[in-house]
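Have a look at the structure below, then the notes.
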Amino acid sequence: MTRTAPTRRRTTLAAAVAAAAALTISAAAPALSAPGNGNGNGNGQSSASQGQARSNDLSTTRGNQVNDAAALAPHLLDQELAWEACDFGSPALNTRFGAIPGTACADVTVPRDWKDPQDGHTITVRVAKTETSKGNPDRQGIALVNPGGPGGSGLPWGPAMAERAPELAEQYDFIGFDPRGVGQSTALECTYTPNPEHDIWQDTKAQVDACLENELTPYITTEQTVYDMDFIRAVLGEEKTSYIGYSYGTWLGSWYQRVFPQHAHRFLLDSAVDVSRDGLQTTWDLQPRSRDRQFQDAMLPYVARHDELYFLGDDPMQIRQRWEDGGGTRTQLGMIVAGSFLLPAMYDTSQYMSAGAVIAAYIRIMESETAATDPAGQRAQIERILAEARASLPAEERDSFDRFAARGLETVGEREQLVAATQAGDAVTFEGAFSAIRCQDGQWNTSQGYWTSWVNDLGRKAPWIAAFMGPSECMYWPAQTSMPSQPGGKDTPSAVIVQSELDAATPYEGGHRAAGVLRNTSLISVDNEGTHGLFPYGTACVDAPIRDYFLTGEMPAEKSLCEAHPLPGETQTHQVAGTPTHKGDIKISMRTDAVREANRITLDAIERQLLDSRAVTPDVEAFLER
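What follows is the structure, encoded as structure tokens:
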């Protein structure tokens, strides 16, 4: 029997207690926008000695010498696209987006391997077009959209962006697409059988081996995808393309600009990974600490400001103490609650009120109960936590909470399926694009000692999230390519980066560094904001310069600083963590004073837990004796 597991997952049994979708970069979904999947993850320079990308890297052997992808596959350029009604996954979305002028979908046939496009092997990329600019003499062409991941479905995002940014849609036809390996395009699936006897290293390698056995895997990379994007441009008869990319989509967009600068028009990189790096390990390294930072510096202070709602007092540190005394994320239940209900609110801070209610309910229930360790008991406790949380909210907030809870329960269900499959010894099939792309885009560190040290260091510096984190599967995965260098001089395309100060998926530090390294790039920083995926944000400070850039080509100031929206139930924005500078950006540390104090509280709780368990838990004894 084969069970299908969620796309974005921590697939070891030990890590399965966390909600899979919450542990990755995750797609950046601006408030009220169409749903998407999401995340980018990080890359470090230290991996250079661990391995080299394949020498026949398209971007280095052909790269800018190729005018367009169509020159590599002229035999496919005259294909007739069979445009038809789109399937966006639900009747409601089909009706909603079907009303956008010209919305239709088709499969575009592309070479499986752009390094050998004439070898006879092809795959398909599913594309959704709009025609909102048809007949406008000021039309500027198409704009591709990618929501992130990697591995997020981008198909609905063409019509979604047309709906969300109608002023831009007057001059641009937004194009959504499922990247190769994803969704309705030729998909990459991997199947392996979990072994309960395996340790985390063996289990992780088994997952990687399962994907490496699939003959499609070597071709699921960002490099191959940017050639697909350029071929889509050519097939649609456009000289240039503009682009809006969120999260990992910023990595994809920057890669396209470097390979096809002559075809890059206006590019928005929203919630950027550090695109100045060769690969994605740096974002992975930064991500855990950014999540601890938002939890302590923004989410708990919000709860403390609303004692009239949550009844936990007005001191964030005392609330953190009670959270840790109840087990925090050191219990499976705590990890599930944090992964399924708190991390999503970090990506979209309009959900803070609901997340605060879950924190309060979790603390109160754990002060009188012991966290369950079996899936049925955990499900029962989660349902009680959600019921108490809902009851604590004003009546007008409960519909919003119900939607928030339903999304979280979906990830709980995915985790339960994975645990059941593992315990039964069933084969697990999972979508492989997330892992294939982030692991094959630049070589990651391959040392087991390095990752052991990394996990241990995380336990000290980011203990709230550390329980979720294990060694990266990318340590076992050979890279296929790496980010190409920037074009020089007048060939450098323009880009605008917009970044939240407290982004928990693609940390501010990465986007800020990228803006400082990339040529012809502007940075818009949003102070005191944590939401992942901003445009359109709803304030003139953020949206107007982006709108003007797309409509007129006028670049925003090199650096500009905007204020965040107030959080739910508040009428003013509260200062958090970093300090605005006179240069128009933000000075911020991963470990603020509040985070350091919270880490001390957490580590003290861990020590007490270990000491209290010594007499009855042989595994803890062994741990203490190491």
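Residue numbering for the sequence shown is -33 to -1, 1 to 593, as defined by mature numbering (1 follows the signal peptide of the UniProt record, and there is no 0). Using N, Cα and C, we set each Cβ at its ideal position, and we do this for glycine too. Computed from a predicted model, the values in this text were never measured in an experiment.
> Expressed to the nearest angstrom, what Euclidean distance is found between the alpha-carbon atoms of residue 547 and residue 258?
Replying inline: Going by the C-alpha atoms only, they are around 20 Å apart.
> Can you list, in chain order, the residues of its chain whose CB lies under 8 Å from that of residue 365, leaving out five sequence neighbours each side?
Replying inline: For residue 365, where only same-chain residues beyond five positions count, the Cβ hits under 8 Å are 357.
>> Using a 10 Å radius around the Cβ and a threshold of 16 neighbouring Cβ atoms, would you call residue 335 buried or exposed?
In response: Flag for residue 335 reads exposed.
> Grouping DSSP H, G and I as helix and E and B as strand, with all else coil, what is residue 289?
Replying inline: When DSSP states are grouped into helix, strand and coil, residue 289 belongs to the helix group.
> Residues in its own chain within less than 6 Å of residue 186 by CB, not counting five upstream and five downstream?
Replying inline: Once the five neighbours on either side are set aside, the close Cβ partners of residue 186 are 79, 80.
>> For a test of the three-state rule: what should DSSP assign to residue 597, helix, strand or coil?
In response: This structure does not reach residue 597, given that the chain is present from -33 up to 593, and the question cannot be answered.
> Does the separation of the CB atoms of residue 409 and residue 155 fall below 7 Å?
Replying inline: No, these two residues do not count as a Cβ contact at 7 Å.
> Since residue 232 contacts residue 107 with CB under 8 Å, what's their CB separation in whole angstroms?
Replying inline: Between residue 107 and residue 232 the Cβ distance is about 7 Å, and since that is below 8 Å, they are a contact.
>> Output needed for residue 54: all residues of its chain with C-beta closer than 8 Å, excluding positions within five of it in sequence on either side, in chain order.
In response: These residues qualify, in order along the chain: 61, 72, 151.
> Helix, strand or coil: how does DSSP classify residue 143 here?
Replying inline: Correct three-state label for residue 143: strand.
> Which whole runs of the alpha helix (DSSP H) in the segment 188 to 243 are 4 residues long or more, in chain order?
Replying inline: Correct list: 189 to 202, 215 to 226.
>> Is the separation between the beta-carbon of residue 438 and that of residue 411 shorter than 7 Å?
In response: The Cβ-Cβ distance between residue 438 and residue 411 does not fall below 7 Å.
> Applying the criterion that 16 or more other CB atoms from any shown protein chain within 10 Å of the CB defines a buried residue, is residue 178 buried or exposed?
Replying inline: It is buried - the Cβ of residue 178 has at least 16 other Cβ atoms within 10 Å.
> Taking only runs of the beta strand (DSSP E) that begin and end inside the segment 344 to 410, which ones reach a length of at least 3 residues, in chain order?
Replying inline: Here the runs fully enclosed are 394 to 398.
>> For residue 157, list the residues DSSP reports as bridge partners.
In response: Note: residue 157 sits in a beta bridge opposite 397.
> Is it the case that the Cβ atoms of residue 210 and residue 111 are separated by a distance below 7 Å?
Replying inline: Yes; because the gap between Cβ atoms is below 7 Å, this pair is in contact.
>> If I measure Cβ to Cβ from residue 520 and keep anything under 6 Å in the same chain, skipping five residues before and after, which residues do I get?
In response: So no residue of the chain qualifies.
> Quick one: Cα of residue 333 to Cα of residue 394, how far?
Replying inline: In this structure, the straight-line span from the alpha carbon of residue 333 to that of residue 394 is close to 35 Å.
> Thinking C-beta only, is residue 453 closer than 7 Å to residue 492?
Replying inline: No; because the gap between Cβ atoms is not below 7 Å, this pair is not in contact.
> residue 632 lies in the alpha helix (DSSP H); which residues open and close that run?
Replying inline: This structure gives no information on residue 632, because the portion of the chain shown stretches from -33 to 593.
> Quick one: what does DSSP say residue 431 is sitting in, helix, strand or coil?
Replying inline: Residue 431 carries a helical assignment under DSSP once its states are collapsed to helix, strand and coil.
> Using DSSP with H/G/I as helix, E/B as strand and the rest coil, what is residue 257?
Replying inline: Reduced to three states, the DSSP call for residue 257 is helix.
> How many Å lie between residue 482 and residue 224 at the Cα?
Replying inline: Approximately 15 Å between the Cα atoms of the pair.
> Which value, in whole angstroms, describes the spacing of the CA atoms of residue 213 and residue 405?
Replying inline: Using only the alpha carbons, I get a separation of about 15 Å.
> Is it right to say residue 260 is buried, meaning 16 or more other beta carbons lie within 10 angstroms of its own, or is it exposed?
Replying inline: Around the beta carbon of residue 260, 16 or more other beta carbons lie within 10 angstroms, which makes this residue buried.
> What are the start and end residues of the beta strand (DSSP E) that includes residue 89?
Replying inline: That run of the beta strand (DSSP E) goes 89 to 96.
> Looking at C-beta atoms only, is the number of pairs between the segment 227 to 247 and the segment 166 to 184 that lie closer than 8 Å three or more?
Replying inline: With the rule of 3 Cβ pairs closer than 8 Å, the segment 227 to 247 does not count as touching the segment 166 to 184.
> Taking the alpha-carbon positions, what's the residue 494 to residue 475 distance?
Replying inline: Looking at the two C-alpha atoms, the distance is approximately 10 Å.
>> Alpha carbons only, please: which of 126, 227, 207, 515 is nearest the one belonging to residue 455?
In response: The residue from 126, 227, 207, 515 with its alpha-carbon nearest to that of residue 455 is 227.
>> So residue 51 and residue 69 are supposed to be a Cβ contact under 8 Å. How far apart are they, rounded?
In response: So it is not a contact: roughly 13 Å between Cβ atoms.
> Tell me which same chain residues have a C-beta within less than 7 Å of the C-beta of residue 531, skipping the five on either side of it?
Replying inline: Counting only Cβ-Cβ distances below 7 Å, and skipping sequence neighbours, we find 493, 494, 495, 496, 540.
>> Assuming residue 171 is part of the alpha helix (DSSP H), what are its boundary residues?
In response: Unbroken alpha helix (DSSP H) run through residue 171: 167 to 179.
> What distance in whole Å lies between the Cβ atoms of residue 383 and residue 171, which are believed to be in contact at a cut-off of 8 Å?
Replying inline: No, residue 171 and residue 383 are not in contact; Cβ-Cβ is about 21 Å, not under 8 Å.
> If we ignore side chains and look at the alpha-carbon of each, how far apart do residue 129 and residue 200 end up?
Replying inline: If I take the Cα positions, the gap works out to 18 Å.
>> Whole angstroms are fine: how far does the CA of residue 218 sit from the CA of residue 594?
In response: Residue 594 is absent from the model: the chain starts at -33 and stops at 593.
> Between residue 267 and the rest of its own chain, which residues show a CB-CB distance below 7 Å, the 5 nearest in sequence each way excluded?
Replying inline: For residue 267, same chain residues with a beta-carbon under 7 Å away, outside a window of 5 residues either side, are 283, 286, 287 in chain order.
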